[in-house]
Every structure is written in C-alpha cells, then in structure tokens.
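Asker:
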Amino acid sequence: MPQIETDGLEVLETREWVDSLDYVLSKGGGPNRAGRLLQQLALHARREAGINLPFSATTPYQNTIAVRQQPPFPGSQEMERRIKSLVRWNALAMVVRANKIQEGIGGHISTFASAATLYEVAFNHFFRAQTETGDRDVVYFQGHAAPGIYSRAYLEGRLAKEKLQNFRRELKPGGGLSSYPHPWLMPDFWEFPTVSMGLGPIQAIYHARFIKYLENRGLKQTTGGKVWAFLGDGEMDEPESLGSITLASRERLDNLIFVVNCNLQRLDGPVRGNGKIIQELEAIFRGAGWNVIKVIWGTDWDNLIQNDRDGILVKRLGEVSDGQYQKYFVESGSYFRQNLFGSDPRLLKMVEHLSDDQLARMRLGGHDPIKVHAAYKAAMEHTGAPTIILAKTIKGYGLGEAGEGKNITHQQKKLNEDELQMFRSRFGIPIPDDELHDAPFYRPSDDSAEIKYMQAQRQQLGGYMPQRKVRATPLKSVPESYFKEFDKGTEGREVSTTMVFVRLLAKLLRDPELGKLIVPIIPDEARTFGMEALFRQVGIYSNVGQLYEPVDMDTLLYYKEAKDGQILEEGITEAGSMCSFIAAGTAYANHGINTIPFFIYYSMFGFQRIGDLIWAAADMRCRGFLIGGTAGRTTLAGEGLQHQDGHSHVLALPVPNLLAYDPAFAYEIGIIIQDGIKRMYIDQESIFYYLTVTNEPLPMPEIPKEGNVREGVLKGLYRFKASQKKDAKLRAQLLGSGTIMYEALKAQKILEEKYGVATDVWSVTSYKELYRNANDCERWNMLHPSEPAKIPYVTQTLQGAQGPFIAVSDYMKVLPESLARWVPGQLVSLGTDGFGRSESRVALRDFFEVDAKHIVLATLGALAREKKIATDVVQRAIKELGIDPEKANPAIS
Ligand SMILES: Cc1ncc(C[n+]2csc(CCOP(=O)(O)OP(=O)(O)O)c2C)c(N)n1
Ligand SMILES: [Mg+2]
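Residues in the sequence shown are numbered from 436 upward in steps of one, following our numbering.
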C-alpha cells in the first residue's frame, strides 16, 4: 500500500502524474501503453537514482478488472436473478426437508447460498457441455455445494422431485441423492468426487495438464475446453490445494480456471479472522505465475472506488481484517458506517449520500453477476497461464437471522417458519405462508419464462452439466503374444519381477494399437525400477519439448524430453502422479479415450501416503494399474524402516473395486495384466489394479503344466509345486506369495529331506481376492439357508490337501489369517509385522521369521500340535535350524 500524502504540494504533484497517466490511458495507447510506461519509469528510477520499488506480492484490495474493462452482460439480469432465486429455494428446501423428516441427516445450505451467483453465471454463460470444436469443459463442483447443483438439475427437469425428497436417503425405494458428488453412486451425474477437501484442486491441475498431454500426443484432436474448479477458501489450507500450483503455471495451463469462493469462513469460524484470505491467496498465486482476478466489490461500490482519487478508501478497505468484515455482514448499516468509514472524516464524507440501509446492502463482487461475468470472460480469454478468481461473498447469503455471515452458518440445516418466510419473501418465491411449514419444492411449469430461459441457455452451451458419460468405445482385443513369452520363464536367469513388469510394459508400448494408449507415470523413480530405457524409447512428456542439450546425449538411453513424449515423469510427487493416474484412468469417460495408466512408485509411498486419492480414484471408476515397486518388508535391502513396506496389501483391502495382487513369478504378472486390460478396457468393468513387484533377482520358472493355473492366478490361489513323495506319512501345505515364495520352496526341500514331511507349495497371488470371494459365498449362504451352500474358492481349491497349512508372505500376518475360517485345516501365518530395519535380505527374513528355517519350524510346530510328531522333534529342530528362541519379537521391537 502506498503512503497517503498529506502535504499539499505533494498531493498536487501526484495529481499531475496521475492525470498524465489517465491521459495516456484514455487518449494514448490504452492500458498496454500505460503499463509499458510505468515499467520504463521504474527502470529509469532504478538506473538513475538506485530507487528499488519495494516488492509487492499483492495488489490493492479492489477488483482486478476496472469498471471500464467490464464487458456488457450478455443475458437478462432480471431473468437470471429469478432463476437463481428458484435454485436457492429448492437447494435450501432439500436440506431443510431432509432434516425435518429425519433429524441429523445433515446437508449444507450456507455454502451454496454464498456461491449461487458464481455457479449461475457459469451455468447460463460459460460451462460448455460441448464446444464448437466438439470439445467440452469439465467442472469440479465444490462437494458440499451439491444441494445447489441438484436443485438446478431439478429445475432443468433432469431430477425428479422424489429424488430431491430423498436427498441423503440413497437407500430409499426408487433411490435418492448422494450427499456429495460420488460418481460411484451417481454414475450418470457426477464426474468428480470433491468433498475430501484439497483433492479437487490438485486433480483439476493434473487433469488440465493431462488434456494438454493428450493434445500434444495427438490423442485428442480438439482444443478449447476448460477445466473449472470451484473451491472453498478454507479448503485452500489443504496442502494438496496449493502443493502443485507451480506445475500449472510451468505448464502454461491456460485451460485451467480456479474459482475460490472467498466467503471468509470455513466450518468453525473465519478462515483468516486476523488477516485477509483474498490477499494471501493473491500473493501465493501471483508468485506462482498465475493470472489472478480479484472480484471483491460489486457494482454498488463502483462510484465510491472511482471517486477515491487519492486511494484513501481502498487503503482503508485493505486495512480491515476478514474477521471484522464478517462482523459488518451481520451488523447494521450504522455500525458499518462508523466502524469502517468512521476512521477518517474524508471517508465519512464519501458515503454521506448513502443511507444506513443502502450501506448495509452494498453488494460484494461474488454476488454481482456483472462482476462475476467479467471475471469469467477474462479468465476464458487469458492465454499462457492458469487463472484463479478470488470472489468475495457472504457465507449463508440470504439466510438473514438464520445464519447469514454467522459462525454457525456452515452447520445450519433447520429454519423455523419465520426464517423460511423471510427467505421466501427475499427471493420472491410464490409459496403462500400456510404452505411454508414443510418447505415444499417449487418448480414453475415447463413453459414458464424462467424454465424456458434456463433451458435455452443450456442448449446454447451444448447440454446439461454435470453429466457423466462413458465416451470411449471399448477396446476390441488385447494382443496375446506380448504375454506369452513370460510363460516360458527365464531358464535359470535371475530377474526381478520389476524387470519383468518393465519388459512387459516396453513391449506393450510397441504395439501399434495399444502402445499409444499406455501412460507410464513415474515419480522420479525410473532408475530405481530400471526403467530408464523407456526415456529414449518413448520420451518424457514436456510441453515445450527439450530446450537444452541433455548431459547424457551421447549415451544410448539419454534423458529425452519431447512434446509428444509418453512418460509422465512427475518428479517427487506421489500425489501429483496419482492425479495423473486418475486423469488417465478416467479419460475413457471424460474424454472418450482409453488411456491405460501404469503408475509405478515405491510401494511404501502409495496407500499410506496418498490413500485418500486412491479412494477418490475408486469412487471415480478409474481404471489402470498401480504398481507398488520395491514392495515387501524384506525385499528391499538396506533401506530400512521408512522404505520397507509390509502392509500395503492390508491397506488395499478397504478399496472395494481394487484388485490387489502380490505375484511371485513372471507368468503371473503377464496373466494378471492381460486379464486386467481385458476386464477394464474390453469388458468395461469399473475396477482397477494394484500389483506389487520387487527388486530381488530370482530365476523365473515356467508356468506349471498341470491344473488351471491361469484361473488360479486370477482368483488368487493355485498349486505351484506338488510334492513328489506320494507315500509320505507326514504332510503339510505351504502357501507362499511374492518373493517369499522362494523361501517356501526352500522350506519344502528342507522339510522333505530332513524331516520327512512332504509338502505342496501353493502360490497365493491375492489374499484380497480369496477373502472377497469367501465372504461373498458366506453371505449368500446366510441369505439362502435352504439352498446348497456355495463353497469359497479357497476352500474348494485346498479341499483334499492334507493340512496343516503354513502361509508366508512379506506382508502382515493378518492377510493369511483373514482366510483362517475357510482353510480346511489348521492355518499358521508367518508375516512381517513390525518396523523394518536397514539390513540384508537374509538378515531381514531371519529377523521377521519368514525365511525357510522359520517356515520349517512353523510347519513342525503345527504338526506337533496335531500330534503327528513329538514336541522333541520341534525342540531339536530349533537347535538344528540355528534359531534363537529368545530373540526379540519383530512385531514390537
Ligand atoms: C479433508 C477434509 N477435511 C474436513 C472436511 C470437513 N469439512 C467439510 S466442509 C468444511 C469447511 C469448508 O470451508 P470452505 O472450504 O471455506 O468452504 P465453504 O463452505 O465456506 O464454501 C469442512 C472442514 C472435509 N470435507 N474434507
Ligand atoms: Mg469458506
């Protein structure tokens, strides 16, 4: 803020300068020329007198768009006001009714109440369901503004009244409306689940980037669609909201528009009571290179601000804190006059022509369609950078005593009769007093002027929004040949399952049809996973190509960036990478393109770091493959506690439509990925995959000839290696997974050779699938008691195999234990519960008791419990195997 001058001569001098500038602005070259002139002045001042203008991250507390730059409003303001009132009423009624019928069912009134103008201007003039070039806009609606969006859809005739009546009552006969945007629950309506705060903004950024990627790679022909994200000012505190904003400017995402509803409040109270959220966000986004448009004051303020030649009013407006502004919203006009303008007699003079009432009704920018329209138009036309619109509003606008601007307003869902009456009258809804008590919905007839107007506007913009559609046609086939190679194994050559995966990926990338649809996503771990060959093969995506000579240009596998590069090398951001995964995995719906994302990352930084984004992906019916690299608690030598993952498969359990596999062998990976592509992209199932791969080089076996291995791999269990000792008296079954499978195979040998125990070794590729199937059967049996019981796949498969059953994996013991009820015999589970250690694989497996000797011991112990061998044998084995029975428990050490 500049100093305000009081010295008469200085004031005069300043006036002269300002007048000169005004002259240039009006008569000379306009704003551009004026801008250049100011820059030259600043340069001159620095060069001649060493004057450095102080850095300012913010601009004064006024609208970015000057009144004279405002375009004329293209529609009927009066008509749009009436429509907006109808939307407001039904949104409010929806929540009030729901809570009348069942107290505590929840819902939000005040968020949409503050955002109604922001949405309505966009619905009537900007959101394009289809552009002239066949493209479209995508919109991330603020999650808890959902009642307003439903309300509009009701007025548009897209949602029946019964649906609105069942807001938040989704299990009612005929269905209801979900509380927030959930594509899983309303797959024809919602596209993006946004109510977990912060996930909307970061996804919008990566989505806008992914659209440019599709265009630059020639997968999407048309351009011009915008990604809009409607956000709360409180929501901007989430690290995800701000964490990736420089990506948007770096990538020049002029197809991205953030609209932040700055109602100055969050759930509990003010967002920045002692500060100013609009100024804070302006500084952050300006600093990050965004185009920032502030929409603070409505038309009512235009004259005051224009007449503020010396800037004293704008200075005062900039001094007042948000907490105090909130107080003005709930106070009288006289309080406003005294408190804000009373600080300076000149200010009081500026408003003396306005009554207290007029002062109290001075509208804010976010409630003024003219200002909002101007901002949207400027955002649409801006090139070279993303735009953020910071619109000042009042939370609970229109609720009056029931909550307008009050701290309790976020949770307000009940209005008494007086409050309903007031709201009804304020917005002119033609419902008589005696019908008001249960807040009836109100929709004028189809041929009313309001409905006709809103329909015409939407028609002009290409249709209704939001609307979720699957726009891609299914893939025809998955080429078999790429997967077959893995059935042969490696003939003794040692390779890691990561290498197997990378090889498969490289092959798929070469396919003339499928290849271009693959989207490899890596958060700065390509070299960790031996994927650097792909840099050269398909290139790293860069929106500007490669503007430098890469340091390793003379090598075969140089770091190649290209405009049509295929790899999304995201840098160190698992959250950002996951957003790219979601954008690519939902492009079948959003853009009609069957992109197939493969996101490979350190498995430890997946579910436990970005679990909420994975949950959102599931909700969104996202497709693709999450690949947890260096997975397993004991397969990663040296790295220790922070890196060794022994629980991602447990964390994968809660995600309902996620299939999780822990493959041991090359052919298993081939089978799973082939079937995955088929199920997701040909059969169009709303599922996605999690596969763990490890970095331990091991010889990959051939696919067993006997049994239906393919089915077993996919369902989660099959016999990999039967014992040759048909006549053995002692028998047991070993269940192995991932790399620990090799320990099970070693144990099989020791048990047979040293202890005369014949064991079959089974490969468990997916505990999750087995668990899901068993529960499904059990549930069906419970509900159909008089029909023949369904037998879970795990039980069917192990039936006849003589127990005990010893299961071992590189994950927590709870995974196999989840199946205990359905395993036909005693189940003993070995796993890696506890914190990891920096050590060698051998030492780690000893520490976690998942190596061959512990498998042997567990097997003998189980046989002893079944009285098939004597305890002495087990006692002796502990010695023979070199196990220290007093060693610390890894689970808690
Ligand atoms: C990650 C997350 N944390 C907490 C919440 C609960 N919550 C829902 S709305 C809300 C306040 C939102 O404030 P703001 O972003 O300013 O939106 P407004 O309603 O004011 O427009 C909170 C805390 C949530 N939905 N997501
Ligand atoms: Mg808010």
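Ideal Cβ positions, reconstructed from N, Cα and C, are used throughout, including at glycine.
1. Does the Cβ-Cβ distance between S545 and T844 come in under 8 angstroms?
2. For R796, which of S767, Q892, P780, E787 has the nearest alpha-carbon?
3. Where are the alpha helix (DSSP H) runs, 4 residues long or more, that stay fully inside the segment 559 to 636, in chain order?
4. Pop quiz: G1011 and Y648 are said to be a contact at Cβ under 8 angstroms. What is the actual Cβ separation, rounded to whole angstroms?
5. What do you reckon, are the CB atoms on S613 and M621 nearer than 8 angstroms?
6. In the structure shown, what three-state DSSP assignment does Y496 receive?
7. Looking at the secondary structure, which residues open and close the alpha helix (DSSP H) in which D1307 lies?
8. Tell me the rounded alpha-carbon separation between Q1043 and Q1077.
9. Roughly how many whole angstroms lie between the Cα atoms of A809 and P509?
10. Suppose the cutoff is 8 angstroms on Cβ atoms and the five residues either side in sequence are ignored; what does the same chain contact list for R751 look like?
11. Assign E996 to one of three DSSP states: helix, strand, or coil.
12. Can the beta-carbon of P1132 be found closer than 8 angstroms to that of F1100?
13. Under the three-state reduction of DSSP, which class applies to L447: helix, strand or coil?
14. Where DSSP assigns a beta bridge to F1034, which residues make up the other side?
15. At what residue ranges does the segment 1097 to 1164 contain a whole run of the beta strand (DSSP E), taking only runs of 3 or more?
16. Taking 8 angstroms as the cut-off, does the segment 1210 to 1221 touch the segment 1181 to 1201 (at least 3 CB pairs, one atom from each stretch)?
17. Hey, out of T1127, M785, V986, whose CA is closest to M934's CA?
18. Please report how far the alpha carbon of K1156 lies from the alpha carbon of V1196, in whole angstroms.
19. Quick check on this structure: which residue in D1286, Y1153, Q1109, E538 has the alpha carbon closest to the alpha carbon of I1185?
20. Is the beta carbon of D735 less than 8 angstroms from the beta carbon of R798?
21. At a cut-off of 7 angstroms, is T546 close to ligand 1 when judged by its beta-carbon and the heavy atoms of the ligand?
22. Rank E920, Y1177, A961, Y976 by C-alpha distance to the C-alpha of I1329 and give the top, closest one.
23. With a cut-off of 8 angstroms on the beta carbons, I'd call G592 and D881 a contact; round off their distance for me.
24. With DSSP as the reference, label T658 as helix, strand or coil.
25. Excluding the 5 residues preceding and the 5 following W452 in the sequence, name in chain order all residues of the same chain whose CB lies nearer than 7 angstroms to its CB.
26. Could you check the C-alpha separation between G965 and P1223 for me, to the nearest Å?
27. Let me know if T990 comes out buried or exposed under the rule of 16 or more other beta-carbons within 10 Å of its beta-carbon.
28. Give me, in chain order, the residues of the same chain whose beta-carbon lies closer than 6 angstroms to that of A968; leave out the 5 immediate sequence neighbours on both sides.
29. For the beta strand (DSSP E) holding L1262, just list the boundary residues, first then last.
30. Have a look at the DSSP bridge pairing and note the partners of G1171.
31. When DSSP builds the beta bridges, which residues end up paired with R1166?
32. Would you kindly work out how many angstroms separate the C-alpha atoms of Q512 and Y832, rounded to a whole number?
33. So, for D803: in the same chain, excluding its five sequence neighbours on each side, which residues have a beta-carbon less than 6 angstroms away from its beta-carbon?
34. Got a sec, what are the start and stop residues for the alpha helix (DSSP H) L472 sits in?
35. Taking 7 angstroms as the line, does the beta carbon of N842 fall inside it for any heavy atom of ligand 2?
36. Our contact map puts I1241 next to I1175 with C-beta atoms below 8 angstroms; I'd like the distance itself, whole angstroms only.
Answerer: In terms of the structure at hand:
1. As a first step, residue 545 must be located in the sequence shown, where it is residue number 110. As a first step, residue 844 must be located in the sequence shown, where it is residue number 409. Against a cut-off of 8 angstroms, the Cβ pair of T844 and S545 comes out as a contact.
2. As a position in the sequence shown, residue 796 is number 361, starting the count at 1. Selected option, being the one with the closest Cα: S767.
3. Every alpha helix (DSSP H) of 4 residues or more that sits fully in the segment 559 to 636 is shown, in chain order, as 581 to 590, 596 to 600.
4. Counting from one through the sequence shown, the residue named residue 1011 turns up at place 576. Counting from one through the sequence shown, the residue named residue 648 turns up at place 213. With a Cβ gap of about 13 angstroms, G1011 and Y648 do not count as contacting.
5. By one-based count along the sequence shown, residue 613 stands at place 178. By one-based count along the sequence shown, residue 621 stands at place 186. Yes, they are a contact pair.
6. As a position in the sequence shown, residue 496 is number 61, starting the count at 1. In the structure shown, Y496 sits in coil (DSSP, three-state: anything other than H, G, I, E or B).
7. Here residue 1307 refers to the residue found at position 872 of the sequence shown. For D1307, the enclosing alpha helix (DSSP H) has its first and last residue at 1306 to 1316.
8. For this step, residue 1043 is matched to residue 608 along the sequence shown. For this step, residue 1077 is matched to residue 642 along the sequence shown. Near 11 angstroms, if we compare the C-alpha coordinates of Q1077 and Q1043.
9. Mapped onto the sequence shown, residue 809 falls at position 374. Mapped onto the sequence shown, residue 509 falls at position 74. Rounded to whole angstroms, A809 to P509 spans 10 angstroms at the Cα level.
10. Residue numbering aside, residue 751 sits at position 316 when the sequence shown is read from its first letter. So the qualifying residues of the chain are L775, F776, S778, D779, L782.
11. Position 561 of the sequence shown, counted from the first residue, corresponds to residue 996. DSSP places E996 within a strand segment (E or B) once states are collapsed to three.
12. Walking along the sequence shown from the start, residue 1132 turns up at place 697. Walking along the sequence shown from the start, residue 1100 turns up at place 665. Not a contact, by the Cβ cut-off of 8 angstroms.
13. Numbered from its first residue, the sequence shown carries residue 447 at position 12. Assignment of L447 by DSSP, reduced to helix, strand and coil, places it in the helix class.
14. Working through the sequence shown from its first residue, we reach residue 1034 at position 599. The partner list for F1034 (beta bridge, DSSP) reads I956, L1061.
15. Counting whole runs of 3 or more residues, the segment 1097 to 1164 contains the beta strand (DSSP E) stretches 1123 to 1127, 1152 to 1156.
16. Touching, no, given that fewer than three Cβ pairs across the two stretches are closer than 8 angstroms.
17. One-based indexing of the sequence shown puts residue 934 at position 499. Across the set T1127, M785, V986, the C-alpha of T1127 shows the shortest separation from the C-alpha of M934.
18. Your numbering for residue 1156 matches position 721 in the sequence shown. Your numbering for residue 1196 matches position 761 in the sequence shown. Straight through space, the alpha carbons of V1196 and K1156 are spaced by roughly 5 angstroms.
19. Translated into positions along the sequence shown, residue 1185 becomes position 750. It is D1286.
20. To locate residue 735, count along the sequence shown from 1; it is residue 300. To locate residue 798, count along the sequence shown from 1; it is residue 363. When the beta-carbon positions are compared, D735 and R798 come within less than 8 angstroms of each other.
21. For this step, residue 546 is matched to residue 111 along the sequence shown. It does: the Cβ of T546 is within 7 angstroms (strictly closer) of some heavy atom of ligand 1.
22. Since the first residue shown for the chain is 436 and the last is 1328, residue 1329 is missing from the structure and cannot be characterised.
23. As a first step, residue 592 must be located in the sequence shown, where it is residue number 157. As a first step, residue 881 must be located in the sequence shown, where it is residue number 446. Taking C-beta atoms under 8 angstroms as the contact rule, G592 and D881 qualify, at a distance of about 7 angstroms.
24. As a position in the sequence shown, residue 658 is number 223, starting the count at 1. DSSP places T658 outside both helix and strand once states are collapsed to three, so it counts as coil.
25. Taking the first residue of the sequence shown as 1, we reach residue 452 at position 17. So no residue of the chain qualifies.
26. As a working note, residue 965 is residue 530 in the sequence shown. As a working note, residue 1223 is residue 788 in the sequence shown. G965 and P1223: Cα-Cα distance of roughly 51 angstroms.
27. Your numbering for residue 990 matches position 555 in the sequence shown. Burial call: exposed.
28. Reading the sequence shown from its first residue, position 533 is the one you call residue 968. Cβ neighbours of A968 beyond the five flanking positions: L992.
29. As a working note, residue 1262 is residue 827 in the sequence shown. Note, L1262: beta strand (DSSP E), 1262 to 1265.
30. Residue mapping note: residue 1171 aligns to position 736 of the sequence shown, counting from 1. Note: G1171 is bridge-paired with S1198, V1243 in the DSSP secondary-structure output.
31. In the sequence shown, residue 1166 corresponds to position 731, counting from 1. Beta-bridge partners of R1166 (DSSP): A1193.
32. If you number the sequence shown from 1, residue 512 lands on position 77. If you number the sequence shown from 1, residue 832 lands on position 397. In a straight line, the C-alpha of Q512 is about 19 angstroms away from that of Y832.
33. Numbered from 1 along the sequence shown, position 368 holds the residue referred to as residue 803. So the list reads G733, T734, once near-sequence residues are dropped.
34. Reading the sequence shown from its first residue, position 37 is the one you call residue 472. Its alpha helix (DSSP H) spans residues 465 to 484.
35. Taking the sequence shown and counting its residues from 1, the one referred to as residue 842 is at position 407. No; taking the cut-off as 7 angstroms, the Cβ of N842 has no heavy atom of ligand 2 nearer than that.
36. Along the sequence shown, one-based indexing puts residue 1241 at 806. Along the sequence shown, one-based indexing puts residue 1175 at 740. The distance from the Cβ of I1241 to that of I1175 is about 12 angstroms, inconsistent with a contact at the 8 angstroms cut-off.
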